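Using my numbering, read the sequence shown as starting at 158 and increasing by one per residue. Backbone N, C-alpha and C fix where the C-beta goes; we use that ideal spot for every residue, glycine too. Please read these numbers as outputs of a predicted model, since none were measured by experiment. First comes the structure, then the notes that go with it.
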Amino acid sequence: MVSPEQVKEYIRGGYDIHLHSAPDLLPRKANDIEFARMAKEVGMEGFVLKSHYMPTAERASLVRYVVEGFKAYGGLVLNWGVGGINPVAVEVSAKSGAKVVWMPTIDSINEKGRWTDVNDWSKAPYWAKLSKELKSLNKAVPIQIWKNQELREEVYDVLDIIKKYDMVLATGHISKEDGLRFIPLASQYGVKRIVVTHPEFPSTFYTVEEQVKLLDHNPVFERCFTTPYSGKTSWETVIRGIRETGVENNVLSTDLGQPTAPYPVEGMIMFAQKLLEAGFSGDEIHRMVADNPRRLLE
């Protein structure tokens, strides 16, 4: 078995394009700067800060100021915290240096629709409980990207801004059915950087065959450590997805920051170890941790 110290060589220069840190409305394991220092200590080069509720570009700029040489990126998720599908919020974030725009996550009709009529809230995720507590969020209409089977005008406005600033479009938590329509459309519209967010996540699950079909539209598949680690999918499913779509079309991220989970750096090391055990080479892992996300972000 390869030791954690050896694995660190494979993630050196890497980027975690999906982590959750404080400050946030949900409890987090550490703050932006603490996570950045941990990542830099093991030789990682950067990360992308994600919040379901607020833009993170300004926070990323502070991380870059405090942690010298570390490439922190911000973005925003098009949930109700920023006004939903809000082109103004996207433009402001873009001018602030944001790099990633996620389609709706917790407020998408795909997610919120699953938590509108719940008998046992003890089994609900943190964000669903928070939406229940916050009156304005609880009453907000779930966000859809379509209107009468056509893409909403404001979504096209968002795509225009993404193209203008050469940002990354991530699918967030829109359903697989929506993604299979939306990804080809966005690609044909001229968006060059498209990420399929955790395609093994239960509410956004794409079959391997569907993922392969999407390759015609040049997306990058984001494999999140926490999805198999938390038992939401199997390691075999993630591994098969990477192999069938090709190392060159995948990035590894953690989606970590939850108080009871490993630190993101620990998660990335564990992810690399799992893939080494599955037969991936160190060079292949480095490509998915460092080379591919660097090309995506820079």
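Going by DSSP in three states, residue i sits in which element: helix, strand or coil?
{"i": "Ile263", "result": "coil"}
{"i": "Glu379", "result": "strand"}
{"i": "Asp335", "result": "helix"}
{"i": "Asp173", "result": "strand"}
{"i": "Glu198", "result": "helix"}
{"i": "Glu162", "result": "helix"}
{"i": "Ile302", "result": "coil"}
{"i": "Val395", "result": "helix"}
{"i": "Ala255", "result": "coil"}
{"i": "Lys269", "result": "helix"}
{"i": "Ala193", "result": "helix"}
{"i": "Ala343", "result": "helix"}
{"i": "Ala297", "result": "coil"}
{"i": "Ala187", "result": "coil"}
Please look up how many angstroms separate the CB atoms of residue i and residue j, rounded, as I've assumed it's under 8 Å.
{"i": "Ala429", "j": "Tyr172", "result": "With 8 Å as the limit, Ala429 and Tyr172 do not qualify as a contact, their Cβ atoms being about 14 Å apart."}
{"i": "Thr383", "j": "Gly424", "result": "7 Å"}
{"i": "Gly329", "j": "Trp259", "result": "4 Å"}
{"i": "Arg444", "j": "Val395", "result": "Their Cβ separation, rounded to whole angstroms, is 16 Å, which puts Arg444 and Val395 out of contact at 8 Å."}
{"i": "Asp335", "j": "Ile300", "result": "Not confirmed; about 11 Å, so no contact."}
{"i": "Cys381", "j": "Thr411", "result": "7 Å"}
{"i": "Ile331", "j": "Asn267", "result": "6 Å"}
By the DSSP assignment, the alpha helix (DSSP H) with residue i in it spans what residues?
{"i": "Val514", "result": "Residue 514 cannot be examined here, being either before or after the span of the chain that is shown, 158 to 455."}
{"i": "Leu316", "result": "Glu310 to Lys321"}
{"i": "Val223", "result": "Ala214 to Val223"}
{"i": "Leu371", "result": "Val365 to Leu371"}
Taking its Cβ as the centre, do 16 or more other Cβ atoms sit within 10 Å of residue i, making it buried, or is it exposed?
{"i": "Val446", "result": "buried"}
{"i": "Arg185", "result": "buried"}
{"i": "Met158", "result": "exposed"}
{"i": "Glu357", "result": "buried"}
{"i": "Gly231", "result": "buried"}
{"i": "Tyr222", "result": "exposed"}
{"i": "Ser178", "result": "buried"}
{"i": "Ser458", "result": "The structure shown has nothing for residue 458, since the chain only spans 158 to 455."}
{"i": "Glu393", "result": "exposed"}
{"i": "Gly347", "result": "exposed"}
{"i": "Pro385", "result": "buried"}
{"i": "Asp323", "result": "exposed"}
{"i": "Leu511", "result": "Since the displayed the chain opens at 158 and closes at 455, residue 511 lies outside it and no answer follows."}
{"i": "Asn406", "result": "buried"}
{"i": "Asp368", "result": "In the sequence as presented, Asp is not what sits at residue 368; that position holds Gln. Gln368 is buried by the Cβ-count criterion."}
{"i": "Arg350", "result": "buried"}
{"i": "Arg452", "result": "exposed"}
{"i": "Leu337", "result": "exposed"}
{"i": "Leu409", "result": "buried"}
{"i": "Glu202", "result": "buried"}
{"i": "Pro376", "result": "buried"}
{"i": "Trp450", "result": "Checking the displayed sequence, the identity of residue 450 turns out to be Pro instead of Trp. That one is buried."}
{"i": "Ser250", "result": "buried"}
{"i": "Glu379", "result": "buried"}
{"i": "Leu372", "result": "exposed"}
What first and last residue would you give for the beta strand (DSSP E) that runs through residue i?
{"i": "Leu233", "result": "Gly232 to Val234"}
{"i": "Phe358", "result": "No beta strand (DSSP E) contains Phe358, which DSSP labels as neither H nor E."}
{"i": "Ala327", "result": "Val325 to Ala327"}
{"i": "Val205", "result": "Gly203 to Leu206"}
* Please specify which runs of the beta strand (DSSP E), each continuous and at least 3 residues long, are wholly inside the stretch 400 to 455, giving them in chain order. => Listed in chain order, they are 407 to 410.
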